[in-house]
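Trainee: This is the structure, below, for whatever I ask next.
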Amino acid sequence: MKSNTLTIIKKEFARFFGDRQLLFTAVILPGLLIYIIYSFMGSGIKKMATEGAEELVTLCVENLPVSVAPLVDAIPAIAVSQQPVSHEDIDKLEDKNLNVVLVRFPEAFDETVATYDPQSGVAAPNVEIYYNSANNASSRVYHMLEGSLTAYENQLSNRFDINRADSEEAQFDMASQDEVLGDILSKLIPMLILMMLFSGVMAIAPSAIAGEKERGTIATLLVTPLRRNELALGKVVSLSGMALMSGISSFIGIALSLPKMIQVDASGMELNYTVSDYLVILLIILATVLIMASAVSLLSALAKDVKNAGTMITPFMLVIMLCGLMPMFQSGASENLTAYLIPFYNSIQVMTAVFAHKMRWIPVIVTVAANVVYTGIAVWGLTRMFNSEKVMFSK
Amino acid sequence: MNEILRVEGLSKTFKLTRKQQQIERTDRKEIVAVNDLSFTANKGEIFGLLGPNGAGKTTTLRMLATLIAPDKGDAFIDECSIVSQPEQVRAKIGFLTSELKLEDFFTPNYLFEFFSKLYGIEPEVIAQRKAKLFERFGINNFAEVKVANLSTGMKQKLSLVISLVHDPDIIIFDEPTNGLDVLTARAVTDYLQELRAVGKTIILSTHIFSLVERLCDRVGVIIDGRMIACGTLEEVCDDMTIEDRFFEMYKEVKGGEE
Chain A
1 MKSNTLTIIK KEFARFFGDR QLLFTAVILP GLLIYIIYSF MGSGIKKMAT EGAEELVTLC
61 VENLPVSVAP LVDAIPAIAV SQQPVSHEDI DKLEDKNLNV VLVRFPEAFD ETVATYDPQS
121 GVAAPNVEIY YNSANNASSR VYHMLEGSLT AYENQLSNRF DINRADSEEA QFDMASQDEV
181 LGDILSKLIP MLILMMLFSG VMAIAPSAIA GEKERGTIAT LLVTPLRRNE LALGKVVSLS
241 GMALMSGISS FIGIALSLPK MIQVDASGME LNYTVSDYLV ILLIILATVL IMASAVSLLS
301 ALAKDVKNAG TMITPFMLVI MLCGLMPMFQ SGASENLTAY LIPFYNSIQV MTAVFAHKMR
361 WIPVIVTVAA NVVYTGIAVW GLTRMFNSEK VMFSK
Chain B
1001 MNEILRVEGL SKTFKLTRKQ QQIERTDRKE IVAVNDLSFT ANKGEIFGLL GPNGAGKTTT
1061 LRMLATLIAP DKGDAFIDEC SIVSQPEQVR AKIGFLTSEL KLEDFFTPNY LFEFFSKLYG
1121 IEPEVIAQRK AKLFERFGIN NFAEVKVANL STGMKQKLSL VISLVHDPDI IIFDEPTNGL
1181 DVLTARAVTD YLQELRAVGK TIILSTHIFS LVERLCDRVG VIIDGRMIAC GTLEEVCDDM
1241 TIEDRFFEMY KEVKGGEE
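Protein chains in written order, with the working numbering: chain A, 1 to 395; chain B, 1001 to 1258.
Here it is in structure tokens:
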């Protein structure tokens, strides 16, 4: 009995170590994926942390307490100006191009805090910090100051508050609702769309090409007068169509669930997207699905069978995931037009811009044109593969 | 008789992967599958390529069907070159091998129409041909049954029918009775004879001597990719049975090894 168990174990290991692809997928790839994704995320986080770090921010402080002055001085790249903070100053912060943070301390802050009794039931002294989250530099200084003050507050056993909203109208982040909502959506939705499209393509393409090779049905087509380029184009277009249906279904799901997901009713925010915004998203989905179906078709044609196709497509999936994660680590879409020549990355950038209400037509046109050209090249490559006996009939 | 197929010095070499070298127990980096093969076939005859496994029969037929390209030489089917006019060649031939499969998901009706459209056949002609071929092979009752649910014999018959949707003048069958039950095998061989009777040319490969004796007007014996003998059965057999004559030739080529 024992020896039989050992025999089975040996056989399983022989099978495992004898299959290089399985070994790669099960042992090498997970570590490689984690290394690449985490490294990428690390550099993204670093980039985020340093974004706007070089831009000088004017920090206008009213009633700067002596105890807090060293904390303010520790913030890099700021010009401190001690002055009263007026309502007009606060309103001006709605302009996201202003690198300004306004701080209002209560008068005699240090003395009030020293004598304040948290058990008294009286509201604690409140420090008001006004900023604009749509401005990276303003946002950076706000977060640094808020962090330092929170630490100081903890040292003092919560003897003051920061940005306590005493009324419903109180607003400290002066970015518009559209900008705030757009920022959230532009980081989330493009990635979701890309992943949905990819799962749609993955569900269909390997079976349609590698599966046909595996089942021997592709050879039945190849002995007919059907031209190889007709076959390649037919495959890519039909797969794109099917994946598009899957993508549109996901898109409708996202569109319907979005207000619930971000609690639009509760937050009072509104989705201010126009018909042309939605049309651009659909256009980008179409262009993306074309290039995605083409790329997966090429890999599937190279694969011997569906399982092999899955292994070959995994690194490609990694690329898609990385592109999808990009908006999380960048502020807004790329300004560099050549970036829109990079497939998948370009789609993500355009979608990011649309959701952030910063859509420009030239990147949209470049993205669609580039993806159509790449699809054409992929169809040509697929035609060559259908013509290649080595690719089509190798075992 | 009118010549419809002319094969001129066809050659094909395959590179061996390391894995294949291990399987073949050889250090050779390539293997010559077909070596300077030449023969002709005439209209209205059944031409058999006879040889053991690995002799190069299937490679030859796959080259004729334009699935793989020859390294050297050419073949002309109704004066169309397999090298320079592969699409025209494919329109003229029907090719069937057990390696070619039909999509399990579809029905015989759908597949017949699908492949007919690929050959550019008019809708009314499709209906006529389908009725005739389905009737001949007893497919009518299964016309709306998915291929996945058909018996192996019925699948084979359907594959044969699909390869004939465009009524080709030359039909290339690789091992036509391989894996068939006796009834289906008989139906297929009977049909090949019917096709010959209406002037179609059939090129088939086989290692079954009885099939050659029963069906073939002319035969080409292939060993190690080379054509060892070619002619009518009488010319090739030299008063011997085809089986005895084949083994005699095999010994001559292989120097006594079997």
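Note that beta-carbon positions come from the ideal geometry of N, C-alpha and C, so glycine has one too.
Let me see if you follow: with CB-CB separation under 8 Å, is Glu55 (chain A) close to chain B or not?
Mentor: Not closer than 8 Å to any Cβ of chain B, the Cβ of Glu55 (chain A) fails to qualify, so no.
Trainee: Name the two residues that bound the continuous alpha helix (DSSP H) containing Cys323 (chain A).
Mentor: It spans Val306 to Leu325 - the alpha helix (DSSP H) in which Cys323 (chain A) sits, taken as one unbroken run.
Trainee: Contact defined as beta carbons within less than 8 Å: I believe Ala77 (chain A) pairs with Glu55 (chain A). What is the distance between those atoms, to the nearest angstrom?
Mentor: Rounded, the Cβ-Cβ distance is 7 Å, consistent with contact.
Trainee: What is the rounded straight-line gap between the Cα of Phe1115 (chain B) and the Cα of Ser1159 (chain B)?
Mentor: Approximately 11 Å, taken between the alpha carbons.
Trainee: Can you pull out the residues from the region 208-227 of chain A whose beta carbon lies closer than 7 Å to at least one beta carbon of chain B?
Mentor: Answer in chain order: Arg215, Gly216, Thr217, Ala219, Thr220, Leu222, Val223, Thr224, Pro225, Leu226 and Arg227.
Trainee: On the three-state DSSP scale, how would you describe Lys10 (chain A)?
Mentor: If DSSP states are grouped into helix, strand and coil, Lys10 (chain A) belongs with the helices.
Trainee: Specify, as a first and last residue, the run of the beta strand (DSSP E) that Ser148 (chain A) falls within.
Mentor: Run containing Ser148 (chain A): none in the beta strand (DSSP E); it sits in the alpha helix (DSSP H), Asn136 to Gln155.
Trainee: Sort B:Ala1143, B:Ile1068, B:Glu1045 and B:Glu1122 by Cα distance to Val223 (chain A) and report the nearest one.
Mentor: Minimum Cα distance to Val223 (chain A) is reached at B:Ile1068.
Trainee: Counting only beta-carbon atoms, is Ile1068 (chain B) nearer than 8 Å to chain A?
Mentor: With 8 Å as the cut-off, Ile1068 (chain B) counts as an interface residue toward chain A.
Trainee: Which chain A residues sit within Cβ distance under 8 Å of Glu1087 (chain B)?
Mentor: Ordered by position in chain A, the residues that pass the 8 Å Cβ test against Glu1087 (chain B) are Pro225 and Arg227.
Trainee: Phe16 (chain A) touches chain B at which residues, Cβ-Cβ below 7 Å?
Mentor: Here the premise fails: no neighbours, minimum Cβ distance about 18 Å.
Trainee: Could you have a look at Ala369 (chain A) and say whether DSSP puts it in helix, strand or coil?
Mentor: Looking at Ala369 (chain A) - three-state DSSP - the assignment turns out to be helix.
Trainee: Is Ile285 (chain A) near Leu244 (chain A), with beta carbons less than 8 Å apart?
Mentor: Yes.
Trainee: With respect to the alpha helix (DSSP H) encompassing Leu1037 (chain B), which residues constitute its N-terminal and C-terminal limits?
Mentor: Here Leu1037 (chain B) belongs to no alpha helix (DSSP H); instead the beta strand (DSSP E) covers Glu1030 to Asn1042.
Trainee: How about Asp1217 (chain B) and Glu1003 (chain B): are their beta carbons less than 8 Å apart?
Mentor: No, the Cβ-Cβ distance between Asp1217 (chain B) and Glu1003 (chain B) is not below 8 Å.
Trainee: Count the other C-beta atoms from every protein chain shown that fall within 10 angstroms of the C-beta of Met1240 (chain B), then say buried if there are 16 or more, exposed otherwise.
Mentor: Result: exposed.
Trainee: Counting Cβ pairs, one atom from each stretch, are 3 or more of them under 8 Å apart for the region 1083-1100 of chain B and the region 1011-1031 of chain B?
Mentor: Cβ pair count under 8 Å is below three, so no.
Trainee: Do the CB positions of Ile291 (chain A) and Pro206 (chain A) come within less than 8 Å of each other?
Mentor: Their beta carbons are not under 8 Å apart, which means Ile291 (chain A) does not touch Pro206 (chain A) by this criterion.
Trainee: For Ala175 (chain A), which residues from the same chain have a beta carbon less than 7 Å from its beta carbon, with the 5 sequence-adjacent residues on both sides left out?
Mentor: Around Ala175 (chain A): Lys96, Asn132, Ser133 and Ala134.
Trainee: Is it buried or exposed, Ser1151 (chain B), if we count other Cβ atoms within 10 angstroms and call 16 or more buried?
Mentor: By the neighbour-count rule (16 or more Cβ atoms within 10 Å), Ser1151 (chain B) is not buried but exposed.
Trainee: So which residues on chain A does Lys1101 (chain B) lean against when the C-beta distance must stay under 7 Å?
Mentor: Ordered by position in chain A, the residues that pass the 7 Å Cβ test against Lys1101 (chain B) are Arg215, Gly216, Thr217 and Thr220.
Trainee: Do Glu1103 (chain B) and Thr217 (chain A) have their beta-carbon atoms positioned less than 8 Å apart in this structure?
Mentor: For Thr217 (chain A) and Glu1103 (chain B), yes; Cβs fall inside 8 Å.
Trainee: With 16 as the cutoff for other CB atoms within 10 Å, does His87 (chain A) come out buried or exposed?
Mentor: Under this definition His87 (chain A) is an exposed residue.
Trainee: If you run the structure through DSSP and keep just helix, strand and coil, what is Leu231 (chain A)?
Mentor: The answer is helix: DSSP assigns Leu231 (chain A) an H, G or I state.
Trainee: Would you report the Cα separation of Pro1176 (chain B) and Ile1202 (chain B), rounded to the nearest angstrom?
Mentor: Computed Cα separation, rounded: 11 Å.
Trainee: Run down chain B in chain order and give the residues with a C-beta less than 8 Å from the C-beta of Glu12 (chain A).
Mentor: Here the premise fails: no neighbours, minimum Cβ distance about 21 Å.
Trainee: Would you list, in chain order, the members of the region 369-392 of chain A that have their beta-carbon closer than 7 Å to a beta-carbon of chain B?
Mentor: For the region 369-392 of chain A, which is checked against every Cβ of chain B, the residues closer than 7 Å are Glu389.
Trainee: Report yes or no: do three or more beta-carbon pairs, one from the region 1186-1202 of chain B and one from the region 1221-1238 of chain B, lie closer than 8 Å?
Mentor: Result no; under three Cβ-Cβ pairs closer than 8 Å.
Trainee: Using a C-beta to C-beta distance shorter than 9 Å, which residues of chain A count as neighbours of Phe1247 (chain B)?
Mentor: Neighbours of Phe1247 (chain B) on chain A: none; closest Cβ ~31 Å, over 9 Å.
Trainee: Looking at the secondary structure, which residues open and close the beta strand (DSSP E) in which Phe1173 (chain B) lies?
Mentor: Taken as a continuous stretch (DSSP letters only), the beta strand (DSSP E) holding Phe1173 (chain B) covers Ile1170 to Asp1174.
Trainee: Determine the contact status of Val954 (chain B) and Gly1048 (chain B), defining contact as a CB-CB distance below 8 Å.
Mentor: Chain B is shown only over 1001 to 1258; residue 954 (chain B) falls outside these bounds and no answer can be derived.
Trainee: Give a yes or no on whether 8 Å exceeds the smallest Cβ distance from Phe1115 (chain B) to chain A.
Mentor: With 8 Å as the cut-off, Phe1115 (chain B) counts as an interface residue toward chain A.
Trainee: Using the three-state DSSP reduction, which class does Ser1205 (chain B) fall into: helix, strand or coil?
Mentor: Three-state DSSP puts Ser1205 (chain B) in a strand.
Trainee: Report the rounded CA-to-CA distance for Val237 (chain A) versus Gly310 (chain A), giving the unit in angstroms.
Mentor: Going by the C-alpha atoms only, they are around 21 Å apart.
Trainee: Mind checking if Ala1065 (chain B) is an interface residue toward chain A, Cβ cutoff 8 Å exclusive?
Mentor: Yes, contact with chain A.
Trainee: Assign Thr1232 (chain B) to one of three DSSP states: helix, strand, or coil.
Mentor: Correct three-state label for Thr1232 (chain B): strand.
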